[in-house]
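Peer 1: Chains as they are written, first to last, in my numbering: chain A, 17 to 395; chain B, 71 to 285. For glycine and all other residues, C-beta sits at the position ideal for the given N, C-alpha and C. Just so we're clear, the structure is a prediction, and the values are computed from it rather than from any experiment.
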């Protein structure tokens, strides 16, 4: 929490974001889980996934490691040395979706956020049926009520880990339309074809997400986290003019809601972020996570200009890191750390989910380098 | 005559699909050669979209509405073009690799390539290596385009290139790849012929790889 304000810290905080398959693999090959039962199950799932050819395996074998998403980013991340843990309310929690798994016409289906029907491709679940047939029907989508019961897991995790920074997920904004309801292409066309419908939906969605944020605060969250991808490689997904019209006012409002509830706001946003930074600062965003170098983000320039007003969680390049040597990856983590420590608003963080495809020696390089930094060996 | 072609290009740039279709009909009625409407109207308009997308003046939504307008014009023009036997800039099989359902990048490349006069056969998403190989065998394309957004699906690109090789088809087709985690170095490493960081660059790469060939 001190790092978000640039205050002195006894050690640089760390945020690990793990893909559930990577969690299973880390447990099997790198560091056992503290809980014997969990450890045994994760190992079995990973070995089965590995033995059946990973992404070539059957749907169940590919899908079951997803059970470890919350554990990986909660308890296991702490066991790896993280200082931040992500908790999901039942509305967006993978384990809640997994409870709804069934077999239909020979394929696995499950019910995702807002009750969206999802199927499996590769190691992920994707929407296979839209809630609406046209953007004109967005007004028919209903949001479930927000009750404190939805935050029971987060509340328990908070109570069990009083010294850890607990970040509670508050779903998304633009991404809800892109990923779950319309699909990216239909969303972008709707910005031209049905702008009033998009604006009205975003308003209702923001009201609902504001309730999630308030619920997260009541559950004891230290930080609220919104995942909304605004960039692609070296450019915003939509023009800045459109983003400022359709998304930014809602993001700004949600940040204000979090601050009114007394908690900082963390934004995960993939892709190119450079043109958004001035607006993040204007909206008083506290922490930006990911900031992928591969997308064209220049951490040194961004931190120089905004590092006294905005904290960054970045530096462990999980995208390019898979093809780096362990030494190159280590050097890159240290380079980010040296930039980050100049102003203090810095959390060492993965630039996206660490995947199971990261070479073992690079996994070691990541955790060893971070431990060295936290032990003060690099200043 | 040039004015109507300019209007087609300009309305296509603005994404006015109904206006583009009407102008193409009007141009045909005026006796403008279908090939000129295609090259100097529709393709010229998409070229301008591609240029402005590449320099960051346009974004994905603008490309999508322009591509939609191009298709509206093409729908009018296609029956007439078929009679004239107008050559395409090349043939391309395209798809998002196995395990990956992300299609916006692949769709943009498809639209831009169609806008540049290429014939594109879209295999969709989550395409198995053997489906790529079969499509290459069946359609004999000049180009095979593969897209991946996830680091975990990158190996499927290598696998597809290897299976093309095994099937004895690798030398018959130029392989181009793109997607957020990919790089030119990765393309070289797996033996692809090129990497494009964005849809506009993909068209330039396709033109360079086909070297002006036409079908």
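Ends of the alpha helix (DSSP H) at residue 257(B)?
Peer 2: For the purposes of this step, residue 257(B) is taken as the residue at position 187 of the second chain. 254-260 is the span of the alpha helix (DSSP H), which, as asked, contains residue 257(B).
Peer 1: Check whether the stretch 358-366 of chain A and the stretch 19-30 of chain A touch, using three or more Cβ-Cβ pairs below 8 angstroms as the test.
Peer 2: With the cut-off at 8 angstroms, the stretch 358-366 of chain A and the stretch 19-30 of chain A touch.
Peer 1: Within 8 angstroms, do at least three Cβ pairs link the stretch 140-150 of chain A to the stretch 50-68 of chain A?
Peer 2: Touching, no, given that fewer than three Cβ pairs across the two stretches are closer than 8 angstroms.
Peer 1: Is residue 371(A) close to chain B? Criterion is C-beta to C-beta, closer than 8 angstroms.
Peer 2: For this step, residue 371(A) is matched to residue 355 along the first chain. With 8 angstroms as the cut-off, residue 371(A) counts as an interface residue toward chain B.
Peer 1: Express the C-alpha separation of residue 120(B) and residue 80(B) in angstroms, rounding to a whole number.
Peer 2: Taking the first residue of the second chain as 1, we reach residue 80(B) at position 10. Taking the first residue of the second chain as 1, we reach residue 120(B) at position 50. Straight-line Cα distance between these residues: approximately 13 angstroms.
Peer 1: Going along the chain, which residues of its own chain have a beta-carbon closer than 7 angstroms to the beta-carbon of residue 35(A), five neighbours each way excluded?
Peer 2: Taking the first residue of the first chain as position 1, residue 35(A) is located at position 19. Only 369, 370, 371, 372 meet the Cβ criterion.
Peer 1: Taking DSSP as the reference, what is the three-state secondary structure of residue 189(B)?
Peer 2: Counting from one through the second chain, the residue named residue 189(B) turns up at place 119. If DSSP states are grouped into helix, strand and coil, residue 189(B) belongs with the strands.
Peer 1: State the Cα-Cα distance for the pair residue 263(A) and residue 189(A), rounded to the nearest angstrom.
Peer 2: Translated into positions along the first chain, residue 263(A) becomes position 247. Translated into positions along the first chain, residue 189(A) becomes position 173. About 7 angstroms.
Peer 1: State the DSSP-derived secondary structure class of residue 21(A), mapped to helix, strand or coil.
Peer 2: Within the first chain, numbered from 1, the residue matching residue 21(A) stands at position 5. In the structure shown, residue 21(A) sits in a helix (DSSP, three-state: H, G or I).
Peer 1: Is there a Cβ from chain A that is less than 8 angstroms from the Cβ of residue 221(B)?
Peer 2: Position 151 of the second chain, counting from 1, holds the residue named residue 221(B). Taking Cβ atoms only, chain A reaches closer than 8 angstroms to residue 221(B), which makes this a yes.
Peer 1: Answer yes or no: does any C-beta atom of chain A fall closer than 8 angstroms to that of residue 177(B)?
Peer 2: Indexing the second chain from 1 puts residue 177(B) at position 107. Yes, residue 177(B) counts as interfacial toward chain A.
Peer 1: Exposed or buried, residue 56(A), counting other C-beta atoms within 10 Å across all chains shown (16 or more means buried)?
Peer 2: As a working mapping, residue 56(A) is identified with position 40 in the first chain. That one is exposed.
Peer 1: So, with DSSP's three-state summary, where would you put residue 127(A)?
Peer 2: Stepping through the first chain from its first residue, residue 127(A) is reached at position 111. Here residue 127(A) sits in strand by DSSP.
Peer 1: Going along the chain, which residues of the stretch 118-131 of chain B sit with their C-beta nearer than 7 angstroms to a C-beta in chain A?
Peer 2: Cβ contacts with chain A come from 126, 129, 130, 131.
Peer 1: Anything in chain A within Cβ reach of residue 115(B), meaning under 7 angstroms, just list it in chain order.
Peer 2: Stepping through the second chain from its first residue, residue 115(B) is reached at position 45. The premise fails here: residue 115(B) is roughly 17 angstroms from chain A at the closest Cβ pair, so nothing lies under 7 angstroms.
Peer 1: Checking the sheet assignment: what are the DSSP bridge partners for residue 161(B)?
Peer 2: To locate residue 161(B), count along the second chain from 1; it is residue 91. In DSSP, residue 161(B) forms a bridge with 189(B).
Peer 1: Is the distance from the Cβ of residue 244(A) to the Cβ of residue 202(A) below 8 angstroms?
Peer 2: Looking up residue 244(A) in the first chain gives position 228. Looking up residue 202(A) in the first chain gives position 186. Their beta carbons are not under 8 angstroms apart, which means residue 244(A) does not touch residue 202(A) by this criterion.
Peer 1: Does residue 211(B) get closer than 8 angstroms to chain A when you measure Cβ to Cβ?
Peer 2: Within the second chain, numbered from 1, the residue matching residue 211(B) stands at position 141. With 8 angstroms as the cut-off, residue 211(B) does not count as an interface residue toward chain A.
Peer 1: From this set, 279(B), 171(B), 222(B), 109(B), which residue's C-alpha is nearest residue 157(B)'s C-alpha?
Peer 2: In the second chain, the residue the question calls residue 157(B) occupies position 87. For residue 157(B), the nearest C-alpha among the options comes from 109(B).
Peer 1: Closer than 8 angstroms, CB to CB, is residue 144(B) near chain A or not?
Peer 2: On the second chain, position 74 is the one that residue 144(B) refers to. So, not an interface residue.
Peer 1: Would residue 305(A) be called buried (16 or more neighbouring beta carbons within 10 Å of its own) or exposed?
Peer 2: Here residue 305(A) refers to the residue found at position 289 when the first chain is read from its first residue. Buried: at least 16 other Cβ atoms inside 10 Å.
Peer 1: Within 10 Å of its beta-carbon, does residue 7(A) have 16 or more other beta-carbons around it, so buried, or fewer, so exposed?
Peer 2: The first residue shown for chain A is 17 and the last is 395, placing residue 7(A) beyond what the model contains.
Peer 1: Which term fits residue 116(A), buried or exposed, when burial requires 16 or more other beta carbons within 10 angstroms of its beta carbon?
Peer 2: Taking the first residue of the first chain as position 1, residue 116(A) is located at position 100. Exposed is the call here.
Peer 1: Could you work out which residues of chain A lie near residue 256(B), taking near to mean beta carbons separated by less than 8 angstroms?
Peer 2: As a first step, residue 256(B) is located in the second chain; it is residue number 186 there, counting from the start. Within 8 angstroms Cβ-Cβ: 339.
Peer 1: On a Cα-Cα basis, can you pick out the residue from 212(B), 87(B), 254(B) that is closest to residue 205(A)?
Peer 2: Position 189 of the first chain, counted from the start, is the residue given in the question as residue 205(A). Residue 87(B) is the option with its Cα nearest to residue 205(A).
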